[in-house]
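In my numbering, the protein residues as written are 100 to 707. Even for Gly, the Cβ is constructed at its ideal location relative to N, Cα and C.
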Amino acid sequence: MPGIAPLSTGVIARIMHGEEVNQPVLQILGIKKINSNADSERYRLLMSDGQYYNSYAMLASQLNAMQHDGLLKENTIVRLDKYITSLVGKNDTDKRVLIVTDLTVLNSGAEVGKKIGEPVTYENALKNGAQSKPLASSSAPVQQNKPEKKPMLYNNNNNNTLNSSINAGLTSPIASLSPYQNKWAIKARVTSKSAIRTWSNARGEGKLFSMDLMDESGEIRATAFKEQCDKYYDLIQVDNIYYFSKCQLKSANKQFSQLKNDYEMTFTSDTVVQKCEEMDDGGIPEIKYDLVPISQVANMEDKTALDTIGICKEVGELQTFTSRTTNKEFRKRELTLVDMSNSAVTLTLWGDDAVNFDGHVQPVILVKGARINVFNGGKTLSMGGGSTIKINPDIPEGHKLRGWFDNGGGDNITNMVSARTGGGNFNTEWMTLQEVRLRNLGAGDKPDYFQCKAVIHMVKQENAFYKACPQSECNKKVVDEGNGQYRCERCNSLYPNFKYRLLINMSIGDWTANRWVTCFNEVGEQLLNHSGQEVGNALENEPEAAQAMFSAINFTSHIFKLRCKSEMYGDVTRNKLSVQALTPINYKEYNKYLLKSLKDLTGIGSSN
DNA sequence: CCCCCCCC
């Protein structure tokens, strides 16, 4: 059969003997779903090497999608790129389960069209005296073969017992754990660890912490309550590898966990945890980061979890507030992360992370599992369950960013993914400047936000900047003492210097109306394409340079994201517009709005 | 046995 990959004949005998075989090629003779309950999905495979077949094979759940896509039909020939074997069951009936964690389809079932060879079960072949020894191979076994004497005595809570099992190499892959078998030990890396949390409800009260564990086969969440919480909290550290045994397994509630496992673990009084001190990590993978460029965050769905890395360009004050809904007090701190996509996003830290954070050195921040929140039409990242941050991580991406930023890389951030320091072009209602008046926007307690396409008519150079407190966290206007000293009333300090901050008023117009709007520092810097320092200096000392900067933007068109709020000055109410963000015109998006407006106006092409 | 992840 030309084009059909040859099977690795007889290889199942070697695999089931614990030998590591590189990329065996097998044929799928059947696949069926086990565990029929709705939130648990797992497939069992019947696979043949043409000589033997093996029904104790499982598909790791991260490969379920291949089955969903119809890629694993009967007769399909696959190459096992990664797999793990594990002994399960009581000693006398030990079975070696094969868990496939990565595979490549070589020929589709339709292409092959039939079962190759006349395979028999490996177990029957053994009984009938067929060759049971592994064939000659230079590769070392991953796991020890089944020891002759009964080694797996987990009937007491004794570390020596655990050690002997572990030393014999008898750890199970996480993917093989289920509530139906409890004699196992896993060797896993801690990828995240929660803070200790207390609860109190009708069913009682207590405390707990949870952690996420990972090995080559998969991941699982574990929770330690009460006594176990106190006992293990300090021992468990992110990135370390531990042996765990005698935890209770139960179905995971998918509502609360994004981890790819149908089960989760609870520590019990019998649980044994032991730190793995070996230098060799034994194939336990490093924590993997799927780093998303900050610019991409704008295109991702609300509530998505993601990994990213950026420079903490700005850091906010620690804020404390009481939640209106729960009456709980929260502490948070907002960081502005920037990266080489010339984009910025806000990352919110909570609790101790927020309190202890020192951002003044503009560190590299690596974050795993941060969640997207939509706020004011922008997107922010927030730490939550399972999220971790690392400050100045020793990884190539971190060093690259450091070099980029220290050479001025962060000076031209043009894309503000979060609304506070800018904003995107998503989810914000389009409006004309006339509609803003007609609809009485900004009259409520909360500001209104909208976007419009407008052209800059005139920019005021007078009072376009002010002299602000030089402290990085304080932007209050300083009082010029006239003797080379500047006084900040907020910090109650005298300084020999100040920093320029922009506060630009300009007139913009669309086809319906003109309005005066205010740009604060960051947007002003983006608009004028110069730092506040440069603009302030030019305005004070180099009028021609300043003129050039300001006239360069006259009659340019942009998408303005505006905040609208009516404010009282004495007994006069003024409706104020401030520019939250400024973006180049995305004609695809803008035309969508125009087309919709046309439909609404004419009724042509509309549904009603 | 938790399952909240907040606020502007």
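From the options, pick the residue whose C-alpha is nearest to that of residue i; which is it?
| i | options | result |
| --- | --- | --- |
| V454 | V678, V516, R430 | R430 |
| N121 | T487, Q166, L179, G102 | L179 |
| Y331 | E315, G317, K374, Q357 | K374 |
| L125 | S356, K132, A156 | A156 |
| S481 | T447, E624, W503, K552 | T447 |
| L405 | D389, L307, L145, T203 | D389 |
| I512 | G212, D401, H629 | H629 |
| G583 | F597, N574, C590 | F597 |
| L770 | M515, P462, M530 | No statement about residue 770 is possible, as the shown extent of the chain runs from 100 to 707 and does not include it. |
| M364 | V372, D493, L348 | L348 |
| D505 | G543, T425, I410, N562 | I410 |
| G303 | N562, G669, K325 | K325 |
| I603 | V634, S185, E217 | V634 |
| E413 | V437, V671, I273 | V437 |
| D457 | D311, L434, K467, V466 | L434 |
| D452 | G476, P495, K292 | K292 |
Could you give the DSSP three-state label for residue i: helix, strand or coil?
| i | result |
| --- | --- |
| E688 | helix |
| S486 | coil |
| C411 | strand |
| V124 | strand |
| C568 | coil |
| S394 | helix |
| E709 | As displayed, the chain neither begins before 100 nor continues past 707, which places residue 709 out of reach and without an answer. |
| C328 | helix |
| K232 | Here K232 scores only 43 on pLDDT, less than 50, and its place in the model should not be relied on; the value that follows carries that caveat. DSSP places K232 in coil when its eight states are reduced to three. |
| Y279 | coil |
| D314 | coil |
| T520 | Annotation note: pLDDT 40 at T520 (below 50); position unreliable, no value reported. |
| N244 | Confidence is the limiting factor: at N244 the pLDDT is only 38, short of 50, which leaves the residue's position unreliable and the question unanswerable from this model. |
| D452 | helix |
| T367 | strand |
| L593 | strand |
| K478 | strand |
| Q461 | coil |
| E140 | coil |
| E304 | strand |
| S299 | strand |
| P105 | coil |
| N613 | strand |
| Q336 | coil |
| M648 | helix |
| L602 | coil |
| L693 | helix |
| Q373 | strand |
| Y388 | coil |
| L627 | helix |
| G541 | coil |
Provide the residue(s) that pair with residue i in DSSP beta bridges, ordered along the chain.
| i | result |
| --- | --- |
| D657 | The residue you asked about is not Asp; residue 657 is His in the sequence shown. Bridge partners of H657: A553. |
| Y668 | V671 |
| I285 | S271, F343 |
| Y362 | S350 |
| Y547 | A small correction: the amino acid at residue 547 is Asp; Tyr does not occupy that position in the sequence shown. Partner(s): C663. |
| K576 | A567 |
| A680 | K660 |
| I114 | For I114, which the question treats as bridged, DSSP gives no partner whatsoever. |
| W529 | Q550 |
| S422 | BP columns for S422 are empty, so no partner. |
| R432 | L448 |
| D201 | K181 |
| G608 | V554, N613 |
Inspect the beta-carbon positions of residue i and residue j and report whether they are closer than 8 Å.
| i | j | result |
| --- | --- | --- |
| G631 | L601 | yes |
| K478 | I471 | yes |
| Y362 | I295 | no |
| I340 | R288 | yes |
| L537 | C663 | no |
| S275 | T200 | no |
| Q150 | G109 | yes |
| L694 | I652 | no |
| K575 | R589 | yes |
| N514 | S571 | no |
| S517 | T445 | yes |
What do you reckon, is the C-beta of residue i under 7 Å from a heavy atom of the ligand MG?
| i | result |
| --- | --- |
| T365 | In terms of ligand content, the structure shown is empty, and the ligand MG therefore cannot be addressed. |
Cβ contact check for the region 657 to 673 and the region 681 to 690: 3 or more pairs under 8 Å = yes
Mind the definition here: the region 560 to 571 touches the region 634 to 648 only if three or more C-beta pairs lie below 8 Å; say whether that holds.
-> yes
Quick one: any contact between the region 608 to 617 and the region 545 to 554, if contact means 3 or more CB pairs under 8 Å?
-> yes
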